[in-house]
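In what follows, a structure is listed as structure tokens, so that the remarks can point back to it.
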Amino acid sequence: MDKQLHLISDGNFSKQHLQIVKRIHRNIDYLHIREKNKTAKDILDILEALEGAGLPLAKVIVNDRADIAVMKQCTGVQLAYHSPSIPLVKGSFPSLRAGKSVHSLSEAKQGQQDGADYLLYGHVYPSASKPNQQPRGLAELREITGMLSTPVFAIGGITPERTKEVIEAGASGVAVMSGVWQADNPVQAVTAFRQALNTWKGG
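So the numbering used here is basically just the index in the sequence shown, starting at one, shifted up by 38.
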């Protein structure tokens, strides 16, 4: 499988974000709509705007809202500890890919056992979005990818320069948020991540 780049929205999706997506969507594999404070209608409006901007909704994953993902024919739903269970979601919406956010080996094992299509693991490095939380580092990521067959994507403080060691630790790709949205040049940042993933030559 090619190494993937997942871009996570930062909870403040706006017209500025939309303009960035228009310019970078060909270089990302998936865009996660993670907008915890927005209503269902707000999220539907975002998806319609993205579609109008040329982003295929097959490249979109919606956090927590399997119903919206199905209504708009998005690829999948991202589930957290407070979300419906993976078996319930997959039983109700068999067409959806279901990802699970995990923060430890035990959570990752449970995610695989429940049938997650992929796992989002972090935060790996110090992260601006979680300043008071200790990063989990590469050792546990390596342990998880070594024990499980489910694809694992690393999140948290990932930079293009750190991408190589994350992939060497067994990750199937990276997920980024502030590394793109808060970059001086988001287009350049996405290009750098894409190049790091495309040129990684592992054993």
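Glycine included, every Cβ here is placed at the ideal spot set by N, Cα and C.
Could you check whether residue j and residue i sit closer than 9 Å to each other, using their CB atoms as the reference points?
| i | j | result |
| --- | --- | --- |
| residue 179 | residue 207 | yes |
| residue 102 | residue 118 | yes |
| residue 82 | residue 104 | no |
| residue 45 | residue 66 | yes |
| residue 211 | residue 41 | yes |
| residue 215 | residue 80 | no |
Among the candidates the options, whose CA atom is the shortest distance from the CA of residue i?
| i | options | result |
| --- | --- | --- |
| residue 243 | 225, 137 and 44 | Nothing can be reported for residue 243, as the shown portion of the chain is limited to 39 through 241. |
| residue 165 | 128, 193, 144 and 176 | 193 |
| residue 69 | 77, 99, 152 and 148 | 99 |
| residue 181 | 211, 215 and 142 | 142 |
Between which two residues does the alpha helix (DSSP H) carrying residue i extend?
| i | result |
| --- | --- |
| residue 236 | 224 to 237 |
| residue 126 | 124 to 130 |
| residue 44 | First-last for residue 44: 42 to 46, but that is the beta strand (DSSP E), not the alpha helix (DSSP H). |
| residue 147 | 143 to 152 |
Any chance the CB of residue i is under 8 Å from a heavy atom of the ligand ZN?
| i | result |
| --- | --- |
| residue 140 | Looking at this structure, you won't find the ligand ZN or any other ligand, since it has none at all. |
Go to residue i, then tell me how far its beta strand (DSSP E) extends in each direction, as first and last residue.
| i | result |
| --- | --- |
| residue 98 | 98 to 101 |
| residue 157 | 156 to 160 |
| residue 71 | 68 to 71 |
Assess, as a yes-or-no matter, whether the stretch 84 to 97 is touched by the stretch 127 to 137 under the definition of 3 or more beta carbon pairs within less than 8 Å. no
Residue ranges of each beta strand (DSSP E) run of no fewer than 3 residues wholly in the stretch 170 to 203, ordered along the chain? 190 to 193
Do three or more CB pairs link the stretch 53 to 66 to the stretch 214 to 231 at distances below 8 Å? yes
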